[in-house]
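**Q** Can you keep this structure in mind? I'll have questions shortly.
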Amino acid sequence: MKRHDAALSSLRSLDPADREADPRSPRAQADLARILATDPESGRPPRPSGARPAEPRRTRWLVLACGTIAVAVAAGALLPLSDNDQAFASWTPSPATMAPKAAAKAAESCREQQKGHLHSANRQLATARAAVSEQRGDWTMVVLAGDEGFSAMCLTNDRLGLFSDAWVGSIGEPDDFTEPAPREVRATDFGAGTVADGTVSVAVGHAGSDVVGVTWASAEHGPVEATVSGGHFALWFPGDEFEDAVTDGVEAEVTYRDGTSGAVTLGLR
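Numbering that gives the first Met the number 0 numbers the first residue of the sequence shown as 0 and each following residue consecutively.
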């Protein structure tokens, strides 16, 4: 049997409020297809059908909200429920590097917060290294990385207490993981959602050995720079620009080790 403890999911809203939906919309129809595709004997969440029916993704999608596990209805698609941007007043388009002691504390806090949410991943979580540790104003993002593509991500507002209940994250590993090509950027978390009464767009994933920079040209914020470290990249910003881009993705600029650059598509595929 294939190993697929869990594939990485993008964030999902922390706000449990319902949202008015059109049952005839493409998103509603996709959700229905995922529900009907659920194996009743497995007891597992619906498997996302993806944009390419000929290449089904054999995965389970997880999101963490306030320390609990929830099943994402739409693979990688998060539904923003609030437009309150006050929580992100301190956010910066370029990440700040954390001091070693602060980075180590953030990594261990993320590890502790994720512990027990996916029991099959506890061994990987215990030995995972900190691939990304960045700050943007009052916000900290950590990505822990392990073998076979395992990853755990945490995003929180430090003013509310390091990795308090005002946080979101993801944990798991994909099926049939292969190392990214030297110039490849492969998103594992992508979409838009809400946290701390504000809306965020997030792209996190694997980066090849020749990738040294990833930049998204935000319509609202201008160039937003990702942290690229330890074979991973992490980029996020206030707003819902990624909300409707999960299937088709968005075009970002990648800078390579030799100084050249090129365009890549960020998205779940």
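C-beta atoms are modelled at their ideal positions from N, C-alpha and C, and glycine is treated no differently.
This structure is a prediction, so every number in the text was calculated from the model and none was measured.
#1: For residue 121, count the other beta carbons within 10 Å of its own beta carbon; 16 or more makes it buried, fewer makes it exposed. Which is it?
#2: Looking only at its own chain, which residues have a Cβ that is under 6 Å from the Cβ of residue 149, when we skip the five neighbours before and after it?
#3: Looking at the structure shown, is residue 89 part of a helix, part of a strand, or coil, going by DSSP?
#4: Can you have a look at residue 237 and say buried or exposed, based on whether 16 or more other CB atoms are within 10 angstroms of its CB?
#5: Excluding sequence positions up to five away, which residues of its chain have a Cβ less than 6 Å from the Cβ of residue 134?
#6: The beta strand (DSSP E) that contains residue 128, what's its start and end?
#7: Following the continuous alpha helix (DSSP H) through residue 99, name the residue where it begins and the one where it ends.
#8: In three-state DSSP terms, what is residue 220?
#9: Is it buried or exposed, residue 179, if we count other Cβ atoms within 10 angstroms and call 16 or more buried?
#10: Since I believe residue 232 is in contact with residue 191 (beta carbons under 8 Å), could you give me their beta-carbon distance rounded to a whole number of angstroms?
#11: Would a check of beta-carbon distances place residue 228 closer than 8 Å to chain C?
#12: Alpha carbon to alpha carbon, how far is residue 221 from residue 89? Give it in angstroms, no decimals.
#13: Measuring only the C-alpha atoms, how far is residue 153 from residue 266?
#14: Does residue 190 come out as helix, strand or coil in the three-state DSSP assignment?
#15: What's the gap between the Cα of residue 198 and the Cα of residue 138?
#16: Quick one: Cα of residue 60 to Cα of residue 168, how far?
#17: With DSSP as the reference, please indicate the residues paired to residue 120 in a beta bridge.
#18: In terms of residues, what are the limits of the beta strand (DSSP E) holding residue 233?
#19: Using only the alpha-carbon positions, how far apart do residue 239 and residue 216 sit?
#20: Since I believe residue 106 is in contact with residue 132 (beta carbons under 8 Å), could you give me their beta-carbon distance rounded to a whole number of angstroms?
#21: CB-CB under 6 Å to residue 214, same chain, minus the five flanking residues each way: which ones, in chain order?
#22: Restricting to Cα atoms, I'd like to know which of 130, 166, 229 and 188 is closest to residue 208.
#23: Look at residue 242 and residue 264 and say whether their C-beta atoms are less than 8 Å apart.
#24: CB-CB under 8 Å to residue 115, same chain, minus the five flanking residues each way: which ones, in chain order?
#25: Just checking my contact of residue 255 with residue 185 at CB under 8 Å: how many whole Å lie between their CB atoms?
#26: Report the partner residues of residue 264 according to the DSSP bridge assignment.
#27: Just to check my reading of the structure: residue 270 and residue 212 have Cβ atoms closer than 8 Å, yes? What is that Cβ distance to the nearest angstrom?
#28: Check each candidate in 155, 258, 235 and 170 and name the one with the smallest Cα separation from residue 146.
**A** Here's the rundown:
#1: For this step, residue 121 is matched to residue 122 along the sequence shown. Label assigned to residue 121: exposed.
#2: Here residue 149 is taken as the residue at index 150 of the sequence shown, counted from 1. Closer than 6 Å at the Cβ level, and outside the excluded window around residue 149, lie 123 and 172.
#3: Your numbering for residue 89 matches position 90 in the sequence shown. Of the three classes helix, strand and coil, the one that applies to residue 89 here is coil, per DSSP.
#4: The sequence position of residue 237 within the sequence shown is 238, counting from 1. Label assigned to residue 237: buried.
#5: In the sequence shown, the residue the question calls residue 134 occupies position 135. Within the same chain, residue 134 has close Cβ partners 95 and 97.
#6: Mapped onto the sequence shown, residue 128 falls at position 129. Residues 128-135.
#7: On the sequence shown, residue 99 is found 100 positions in, with the first residue counted as 1. Its alpha helix (DSSP H) spans residues 99-113.
#8: Residue 220 sits at position 221 when you count from the first residue of the sequence shown. Here residue 220 sits in coil by DSSP.
#9: Counting from 1 along the sequence shown, the entry for residue 179 is found at position 180. Classification for residue 179: buried.
#10: Along the sequence shown, read from residue 1 onward, the residue named residue 191 stands at position 192. Along the sequence shown, read from residue 1 onward, the residue named residue 232 stands at position 233. About 18 Å separates the two Cβ atoms, so there is no contact after all.
#11: Note that chain C does not occur in the displayed structure, where there is just one protein chain.
#12: Mapped onto the sequence shown, residue 89 falls at position 90. Mapped onto the sequence shown, residue 221 falls at position 222. Rounded to whole angstroms, residue 89 to residue 221 spans 16 Å at the Cα level.
#13: Numbered from 1 along the sequence shown, position 154 holds the residue referred to as residue 153. Numbered from 1 along the sequence shown, position 267 holds the residue referred to as residue 266. Approximately 19 Å, taken between the alpha carbons.
#14: Numbered from its first residue, the sequence shown carries residue 190 at position 191. DSSP places residue 190 in strand when its eight states are reduced to three.
#15: Here residue 198 corresponds to residue number 199 of the sequence shown, with the count starting at 1. Here residue 138 corresponds to residue number 139 of the sequence shown, with the count starting at 1. Taking the straight line from one Cα to the other gives about 13 Å.
#16: Indexing the sequence shown from 1 puts residue 60 at position 61. Indexing the sequence shown from 1 puts residue 168 at position 169. Interpretation of residue 60 is limited by its pLDDT of 31, a score under 50 that renders its predicted location unreliable; the figure taken from the coordinates is listed afterwards. Cα to Cα, the separation comes out at about 12 Å.
#17: Looking up residue 120 in the sequence shown gives position 121. Answer by DSSP bridge pairing: none, since residue 120 is not bridged.
#18: In the sequence shown, the residue the question calls residue 233 occupies position 234. First-last of the beta strand (DSSP E) with residue 233: 231-237.
#19: Translated into the one-based positions of the sequence shown, residue 239 becomes position 240. Translated into the one-based positions of the sequence shown, residue 216 becomes position 217. Straight-line measurement puts the Cα of residue 216 at about 14 Å from the Cα of residue 239.
#20: Sequence index remark: in the sequence shown, residue 132 carries index 133 (1-based). Sequence index remark: in the sequence shown, residue 106 carries index 107 (1-based). The Cβ separation is near 6 Å, so the contact holds.
#21: Stepping through the sequence shown from its first residue, residue 214 is reached at position 215. Only 222, 224 and 252 meet the Cβ criterion.
#22: In the sequence shown, counting from the first residue as 1, residue 208 sits at position 209. Checked all of 130, 166, 229 and 188; the closest Cα to residue 208 is 229.
#23: As a working note, residue 242 is residue 243 in the sequence shown. As a working note, residue 264 is residue 265 in the sequence shown. No, they are not a contact pair.
#24: To locate residue 115, count along the sequence shown from 1; it is residue 116. Cβ neighbours of residue 115 beyond the five flanking positions: 121.
#25: For the purposes of this step, residue 255 is taken as the residue at position 256 of the sequence shown. For the purposes of this step, residue 185 is taken as the residue at position 186 of the sequence shown. Actually they are not in contact, since the Cβ atoms of residue 255 and residue 185 sit about 15 Å apart, beyond 8 Å.
#26: Here residue 264 corresponds to residue number 265 of the sequence shown, with the count starting at 1. Residue 264 pairs with 250.
#27: Any property of residue 270 remains undetermined from this structure, which presents the chain solely from 0 to 268.
#28: Residue 146 sits at position 147 when you count from the first residue of the sequence shown. Residue 146 has its Cα closest to that of 170, out of 155, 258, 235 and 170.
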